[in-house]
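A.B. asks:
Chains as they are written, first to last, in the numbering used here: chain V, 1 to 474; chain R, 1001 to 1179.
1. When the Cα atoms are used, what is the spatial distance from residue 1153 (chain R) to residue 1005 (chain R)?
2. Return helix, strand or coil for residue 1089 (chain R), following the three-state DSSP convention.
3. Which runs of the alpha helix (DSSP H) fall wholly inside the segment 132 to 192 of chain V and span at least 4 residues, in chain order?
4. Can a CB atom of chain R be found closer than 8 Å to the CB of residue 204 (chain V)?
5. Roughly how many angstroms separate the alpha carbons of residue 384 (chain V) and residue 99 (chain V), rounded to a whole number?
6. Since residue 1064 (chain R) contacts residue 1133 (chain R) with CB under 8 Å, what's their CB separation in whole angstroms?
7. Tell me, to the nearest whole angstrom, how far the beta carbon of residue 74 (chain V) is from that of residue 145 (chain V); I am working on the premise that it is less than 8 Å.
8. By the 8 Å beta-carbon criterion, what residues does the segment 216 to 236 of chain V contribute toward chain R?
9. Let me know the secondary structure DSSP gives residue 281 (chain V) once reduced to three states.
10. Residue 31 (chain V): buried (16+ other C-beta within 10 angstroms of its C-beta) or exposed?
11. DSSP state of residue 1011 (chain R), grouped into three classes?
12. Leaving aside the five residues before and after residue 1173 (chain R) along the sequence, list all residues of the same chain whose C-beta is less than 8 Å from its C-beta, in chain order.
13. Closer than 8 Å, CB to CB, is residue 363 (chain V) near chain R or not?
14. Count the other CB atoms, across all protein chains shown, that sit within 10 Å of the CB of residue 45 (chain V); report buried if there are 16 or more and exposed otherwise.
15. Could you name the residues of chain V that residue 1039 (chain R) contacts, counting a contact when the two beta carbons are closer than 8 Å?
16. Just the chain V side, please: which residues come within less than 8 Å of residue 1052 (chain R) by C-beta, in chain order?
17. Using a cut-off of 9 Å between C-beta atoms, extract the partners of residue 1063 (chain R) located in chain V.
18. Please report the distance separating the alpha-carbon of residue 123 (chain V) from that of residue 345 (chain V).
19. Does the structure place the segment 211 to 227 of chain V close enough to the segment 1111 to 1127 of chain R that three or more beta carbon pairs sit under 8 Å?
20. Counting pairs of Cβ atoms below 8 Å between the segment 168 to 181 of chain V and the segment 237 to 251 of chain V, do you hit three or more?
21. In the DSSP assignment, find the unbroken alpha helix (DSSP H) run with residue 255 (chain V) in it and report its ends.
22. Which residue wins for smallest C-alpha separation from residue 379 (chain V), given the options V:57, V:286, V:301?
23. Within 8 Å (strictly less), CB to CB, does residue 213 (chain V) reach chain R?
24. Specify the secondary structure class of residue 1173 (chain R) as computed by DSSP and reduced to three states.
25. Would you kindly work out how many angstroms separate the C-alpha atoms of residue 196 (chain V) and residue 213 (chain V), rounded to a whole number?
26. Helix, strand or coil for residue 1037 (chain R), going by three-state DSSP, please let me know.
27. Just to make sure I have the definition right: I need the residues of chain R whose C-beta is within less than 8 Å of the C-beta of residue 166 (chain V). Which are they?
28. Which of the residues in the segment 1141 to 1161 of chain R, read from start to end, lie with their CB under 7 Å from any CB of chain V?
29. Let me see if you follow: with CB-CB separation under 8 Å, is residue 183 (chain V) close to chain R or not?
30. Do you know how far the Cα of residue 1046 (chain R) is from the Cα of residue 443 (chain V)?
31. Am I right that residue 236 (chain V) and residue 187 (chain V) are in contact with their C-beta atoms under 8 Å? What's the rounded C-beta distance?
32. Is the beta carbon of residue 299 (chain V) sitting closer than 8 Å to the one on residue 87 (chain V)?
33. List the endpoints of the continuous alpha helix (DSSP H) containing residue 451 (chain V).
34. Quick check: is the beta carbon of residue 1095 (chain R) nearer than 8 Å to any beta carbon in chain V?
35. Based on the DSSP secondary-structure assignment, which residues constitute the bridge partners of residue 1079 (chain R)?
36. Alpha carbons only, please: which of V:106, V:120, V:68, V:115 is nearest the one belonging to residue 291 (chain V)?
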């Protein structure tokens, strides 16, 4: 993955080794800035935006309606009961939080690894993280039954004279997810500051000047500020990298620390993290492919980006496949009748069809990504990404439901099926997520302008007669 | 040293990052000290040219992280050992392995908050008003303009001589920045 733009001597777009460029040819500082900010500054909102926003906003209203009904009636409107007390709420929570992970991976880990191609996708991938975490957070909150007491999860001196149980992964989850949400917001906002200043300086509307002016906090591009900014950005990336790994590890602890067969497994943390990145990159592709086509951003989100993301999806998908394999092997080979039964029940029990559907869509179908023809065909890639997203959702469904519905005592076995309110909540959060994405695309620069400008060879200081000439001039 | 009431400094605009860095070098060689350079994106050599090599931010962030670690562990110790001890099969109350996840998360949280608020504090942001915003061309500093501003507070600053010096650096334009 070394297709970064060559040094100052070469134009971007002519890297020589035949690799596609990370930015189209012929751009200047001004045209990069105008191309990106024109989407935000445009007076007229495109019709396609309105249609997309209307659909997702309607679904978001369905979510709000569900939440109101839930608060009125209680969690009994969902299909959960004993023995399957977690159901869709936890399935969706893990799914959403996993999707968020690709945003942090792109913005932090790829920055530390000097992957220049991250530049045009990191901004909206980070936005995706924030919105996915917002959707994820709703589920455990509402699943509590009395969400208005959510603050009981935090350690604060109270008249009941009790404290949270810090030995419980559910409390770790509270800290992990709230830290993750906060740090993602900070990282995103710090990245936005210079671009907010750009919009502030070039918008024509008074309202925009004030609004973006407040958000940009008076950024003026001072060299002293840039230096501190770069230090901060790099350190935040260094902090976010272990954070993103820890968050999904803690999420997997919700399962792995329990002694339930099928959950109590040390492979959960690594394979959850890989699965999170897998689904996250799928979501980035689902967002990026229509976006670049709709706004004509093919010069910024190029074939390199799509192909690299496809390769990461393939790699993490293989890790996930390995996880399934080891899980099955350990279950069957463990010599523990409960573990063994749980694995056989997962494959051939009443929910077996979901297991095999999962293997098909999450392991078998993504193997088409080995073919370069598929990786370089955006519509095809889009479909594969959708398949992976549904596969990762199925994975959580299989893990949560099959382990819970039959435990040690056959007398306590039961079945689970979601109600219409489970579905309306799930589809509602998808609408909520996309509604937020649409607002973000309209009102904030979805690609980092300052970082894209540094991809141009002109952004580098030349240490030759150029500099000498300027010095002699005085 | 003459004072110029109502004048913040002189602002020269350059075409390229290379020209700006060269201009900063010349200004430093000439003996100017109170100046700042402005660009739409970070230029590594610029801070070096201004003689700004070290920032205490990393140290602050480290302190923030350490504060996070100590307070997180202290909080959990207080809750689980002192204030509300729960005896689970005689296991130790100070069960440190299960206190690690929260400690780790709070290290990251405190360090990140220190990083961002430290950045803003050291840069003096938010600062909605700055004299430079009076200059209409300065809007290009967030698009494709590269600026050097020598401030009137500089001991060597002289309205005419500094103007001439900046004009000699081959800028696109030199303008006065009102206070």
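Cβ atoms here follow ideal geometry from the backbone N, Cα and C, with glycine treated the same way.
C.D. replies: Working from what's here:
1. Against the second chain, residue 1153 (chain R) aligns to sequence position 153. Against the second chain, residue 1005 (chain R) aligns to sequence position 5. Distance between the alpha carbons of residue 1153 (chain R) and residue 1005 (chain R): 10 Å.
2. Taking the second chain and counting its residues from 1, the one referred to as residue 1089 (chain R) is at position 89. Of the three classes helix, strand and coil, the one that applies to residue 1089 (chain R) here is coil, per DSSP.
3. If one requires a minimum length of 4 residues, no alpha helix (DSSP H) run lies completely within the segment 132 to 192 of chain V.
4. Along the first chain, one-based indexing puts residue 204 (chain V) at 204. No, because no Cβ of chain R sits closer than 8 Å to the Cβ of residue 204 (chain V).
5. In the first chain, the residue the question calls residue 384 (chain V) occupies position 384. In the first chain, the residue the question calls residue 99 (chain V) occupies position 99. Spanning the two alpha carbons is a distance of roughly 15 Å.
6. Counting from 1 along the second chain, the entry for residue 1064 (chain R) is found at position 64. Counting from 1 along the second chain, the entry for residue 1133 (chain R) is found at position 133. About 32 Å; that fails the 8 Å criterion.
7. On the first chain, residue 74 (chain V) is found 74 positions in, with the first residue counted as 1. On the first chain, residue 145 (chain V) is found 145 positions in, with the first residue counted as 1. Between the beta-carbon of residue 74 (chain V) and that of residue 145 (chain V) there is about 6 Å, and that keeps the pair under the 8 Å contact cut.
8. Within the segment 216 to 236 of chain V, the qualifying residues are 217, 218, 219, 220, 221, 222, 223, 224, 225, 226, 227, 228, 229, 230, 231, 232, 235, 236.
9. Taking the first residue of the first chain as 1, we reach residue 281 (chain V) at position 281. In this structure, residue 281 (chain V) counts as helix in the three-state DSSP scheme.
10. Residue numbering aside, residue 31 (chain V) sits at position 31 when the first chain is read from its first letter. Counting Cβ neighbours within 10 Å, residue 31 (chain V) comes out exposed, since fewer than 16 surround it.
11. Looking up residue 1011 (chain R) in the second chain gives position 11. Strand at residue 1011 (chain R).
12. As a first step, residue 1173 (chain R) must be located in the second chain, where it is residue number 173. Correct list, in chain order: 1012, 1013, 1137.
13. One-based indexing of the first chain puts residue 363 (chain V) at position 363. By this cut-off, residue 363 (chain V) is not an interface position.
14. Working through the first chain from its first residue, we reach residue 45 (chain V) at position 45. Classification of residue 45 (chain V): exposed, given that the 10 Å Cβ count is below 16.
15. For the purposes of this step, residue 1039 (chain R) is taken as the residue at position 39 of the second chain. Neighbours of residue 1039 (chain R) on chain V, chain order: 221, 223, 226.
16. If you number the second chain from 1, residue 1052 (chain R) lands on position 52. Correct list: 223, 224, 227.
17. Position 63 of the second chain, counted from the start, is the residue given in the question as residue 1063 (chain R). Within 9 Å Cβ-Cβ: nothing; residue 1063 (chain R) doesn't reach chain V, min ~13 Å.
18. Here residue 123 (chain V) corresponds to residue number 123 of the first chain, with the count starting at 1. Here residue 345 (chain V) corresponds to residue number 345 of the first chain, with the count starting at 1. Whole-angstrom Cα-Cα distance: 43 Å.
19. yes
20. yes
21. Position 255 of the first chain, counted from the first residue, corresponds to residue 255 (chain V). Where residue 255 (chain V) is concerned, the enclosing alpha helix (DSSP H) stretches over 223 to 256.
22. In the first chain, counting from the first residue as 1, residue 379 (chain V) sits at position 379. Answer by Cα proximity: V:286.
23. By one-based count along the first chain, residue 213 (chain V) stands at place 213. So yes, residue 213 (chain V) belongs to the interface.
24. By 1-based counting over the second chain, the position of residue 1173 (chain R) is 173. If DSSP states are grouped into helix, strand and coil, residue 1173 (chain R) belongs with the strands.
25. In the first chain, counting from the first residue as 1, residue 196 (chain V) sits at position 196. In the first chain, counting from the first residue as 1, residue 213 (chain V) sits at position 213. Within the model, the alpha-carbon separation for residue 196 (chain V) versus residue 213 (chain V) is close to 7 Å.
26. As a working note, residue 1037 (chain R) is residue 37 in the second chain. Correct three-state label for residue 1037 (chain R): strand.
27. Position 166 of the first chain, counting from 1, holds the residue named residue 166 (chain V). Chain R residues near residue 166 (chain V): 1076, 1079, 1080, 1098, 1099, 1102.
28. 1141, 1142, 1143, 1144
29. Position 183 of the first chain, counting from 1, holds the residue named residue 183 (chain V). Cβ-Cβ to chain R under 8 Å: yes for residue 183 (chain V).
30. Start at 1 with the first residue of the first chain, and residue 443 (chain V) comes out as number 443. Start at 1 with the first residue of the second chain, and residue 1046 (chain R) comes out as number 46. About 32 Å.
31. The residue you call residue 236 (chain V) lines up with position 236 of the first chain. The residue you call residue 187 (chain V) lines up with position 187 of the first chain. At roughly 5 Å, the Cβ-Cβ gap stays under 8 Å, so residue 236 (chain V) and residue 187 (chain V) are in contact.
32. Stepping through the first chain from its first residue, residue 299 (chain V) is reached at position 299. Stepping through the first chain from its first residue, residue 87 (chain V) is reached at position 87. No. Outside cutoff.
33. By one-based count along the first chain, residue 451 (chain V) stands at place 451. Where residue 451 (chain V) is concerned, the enclosing alpha helix (DSSP H) stretches over 449 to 453.
34. Here residue 1095 (chain R) refers to the residue found at position 95 of the second chain. Chain V, which has a Cβ nearer than 8 Å to the Cβ of residue 1095 (chain R), makes this yes.
35. Indexing the second chain from 1 puts residue 1079 (chain R) at position 79. DSSP lists no partner for residue 1079 (chain R).
36. Your numbering for residue 291 (chain V) matches position 291 in the first chain. Among V:106, V:120, V:68, V:115, the Cα nearest to that of residue 291 (chain V) belongs to V:120.
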